[in-house]
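Beneath this line is the structure, given in C-alpha cells, with notes to follow.
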Ligand code: 0X9
Ligand code: ZN
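In the numbering used here, the protein residues as written are 329 to 642.
This is the structure we're talking about:
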C-alpha cells in the first residue's frame, strides 16, 4: 500500500477501502472481521493482526474513534497497523509478539458520528441515534457502557454532549464491543481505547476515586510509556487514574473492561494540549503517531514478556 497517505485524515469511505486493501496485501497476517453495525446500519469492522497459530493466542484490543471529532484517533489506528505490518519482517520483537498475540483493531467505532463530522459538523462527538422524534441526536458512546452507568459525569438529557443513552449498552456500537470483548475476555491481555486530546494515559477508574486492583503495576507501565513518548519529540504526557487527573465520569469502556476482569485497561488522550484541540493539523499526524507508537510499544512489550513468564510457570 505504498500509495496510502497516512499523514492526512481520511474519510470513512477511504478507511473502509483501506481495510480491505490491507487485508489483501498482508493476507498472511491480517483478516477483516465484522464487529456489528451502527445505528444507521453501517458495518463496523475490526482487523485481526497476528501470525496464524494452532495454539490459542492472547489478544490486545484497541479501538479508535469512539468520539467522532477526535480525528487523530482513527489516523493513529491506521498508523499502528501500518507500522506493525511494515516492520514485521525486519523486527524480531514484532515477530515474537505476533506469534503469541493477536491485535484486534477497530479503526473507527463511531462510524455514523465520524461521517457526520466530515459532512456537517466538524465538532460532532456522539453517535447519531435519534431521540424524541428527531428533536435531539446522539449518545456519548463513552458514557453508555455498563460501569456505574449514568451516575457521575454523564447526562440523561439527549441534547447533552455526555448523554448516556436510554440504558446501559443501549446503543448498537456499544453492544458490538461488549459482545466481542465478553466472548474473548479470558484471552484479552489489554484493552486500549484511543481519544484526543490532552496528552494523557488514563487508567481506571473514572466513575470512582477508588483505585483499580492492579493500580500500582498499571501506573508503573504507563510511566514507562510516557517516558518513551517524551523521548521522541519532547511531548509531555501525564499518567494516572481518570478521576484523579482528568474528571470523574461513569459509563466508559475503559472502566467497564477493568470491571470485566481485564488486567490492563488504558485510555490514551493523544495530542495536543488545547492549542488546536480536536482539530489537530495534519502536519502533526506523523509526529503524534510516532511518539504514541513508541510509548505503546513499551506497554505491549511489558505485557508480552509477562505473558511469556506466566506461561512458563504453568
Ligand atoms: O470524556 C471522555 O469520554 C474522554 N475525554 S474526551 O475529551 N476524549 O472526550 C475521557 C475518557 C477517559 N476518562 C474517563 N473515562 N474518566
Ligand atoms: Zn474522546
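Ideal Cβ positions, reconstructed from N, Cα and C, are used throughout, including at glycine.
Legend entry - Own chain partners of residue 586 with C-beta closer than 6 angstroms, once the 5 adjacent residues on each side are dropped: Sequence index remark: in the chain shown, residue 586 carries index 258 (1-based). Correct list, in chain order: 532, 540, 593.
Inset, instruction - Flag residue 618 as yes when its Cβ comes closer than 7 angstroms to any non-hydrogen atom of the ligand ZN, and as no otherwise. - result: As a working note, residue 618 is residue 290 in the chain shown. False, no ligand heavy atom lies under 7 angstroms from that Cβ.
Inset, instruction - Measure the Cβ-Cβ separation of residue 608 and residue 574 and say whether it is below 8 angstroms. - result: Taking the first residue of the chain shown as position 1, residue 608 is located at position 280. Taking the first residue of the chain shown as position 1, residue 574 is located at position 246. Not a contact, by the Cβ cut-off of 8 angstroms.
Inset, instruction - Tell me whether residue 598 counts as near the ligand 0X9, meaning its Cβ is closer than 7 angstroms to at least one heavy atom of that ligand. - result: Counting from one through the chain shown, the residue named residue 598 turns up at place 270. Incorrect: residue 598 has no Cβ contact closer than 7 angstroms to the ligand 0X9.
Inset, instruction - Put residue 360 into one of helix, strand or coil per three-state DSSP. - result: Along the chain shown, one-based indexing puts residue 360 at 32. Residue 360: strand per DSSP, three-state reduction.
Legend entry - At least 3 beta-carbon pairs within less than 8 angstroms: the region 466-478 vs the region 489-507: yes
Inset, instruction - Please go through the same chain and pick out, in chain order, the residues whose beta-carbon is closer than 7 angstroms to the beta-carbon of residue 444, but skip the five residues on each side of it. - result: As a first step, residue 444 is located in the chain shown; it is residue number 116 there, counting from the start. So the qualifying residues of the chain are 396, 452, 456.
Inset, instruction - Pull up the distance between the alpha-carbon of residue 566 and that of residue 461, whole angstroms please. - result: Here residue 566 corresponds to residue number 238 of the chain shown, with the count starting at 1. Here residue 461 corresponds to residue number 133 of the chain shown, with the count starting at 1. If I take the Cα positions, the gap works out to 42 angstroms.
Inset, instruction - Could you say which of 507, 551, 548, 572 lies nearest to residue 535 if we only look at CA atoms? - result: Within the chain shown, the letter at position 207 stands for residue 535. It is 572 whose Cα lies nearest to the Cα of residue 535.
Legend entry - CB of residue 632 within 8 angstroms of CB of residue 422, strictly: What you label residue 632 is simply residue 304 of the chain shown in a count that begins at 1. What you label residue 422 is simply residue 94 of the chain shown in a count that begins at 1. Cβ atoms of residue 632 and residue 422: not closer than 8 angstroms.
Inset, instruction - Examine the Cβ distances between the region 543-554 and the region 481-500 and report whether three or more of them are shorter than 8 angstroms. - result: no
Inset, instruction - Label residue 636 either buried or exposed according to how many other C-beta atoms from any shown protein chain fall within 10 Å of its C-beta, with 16 as the threshold for buried. - result: Taking the chain shown and counting its residues from 1, the one referred to as residue 636 is at position 308. With fewer than 16 other Cβ atoms within 10 Å, it is exposed.
Legend entry - Distance between residue 372 and residue 434 (C-alpha atoms, nearest Å): On the chain shown, position 106 is the one that residue 434 refers to. On the chain shown, position 44 is the one that residue 372 refers to. Rounded to whole angstroms, residue 434 to residue 372 spans 8 angstroms at the Cα level.
Legend entry - Helix, strand or coil at residue 405 according to DSSP, with G and I counted as helix: Translated into positions along the chain shown, residue 405 becomes position 77. Correct three-state label for residue 405: helix.
Inset, instruction - Round the Cβ separation of residue 595 and residue 523 to the nearest angstrom and send it over; I've been treating them as touching at under 8 angstroms. - result: Taking the first residue of the chain shown as 1, we reach residue 595 at position 267. Taking the first residue of the chain shown as 1, we reach residue 523 at position 195. The Cβ separation is near 6 angstroms, so the contact holds.
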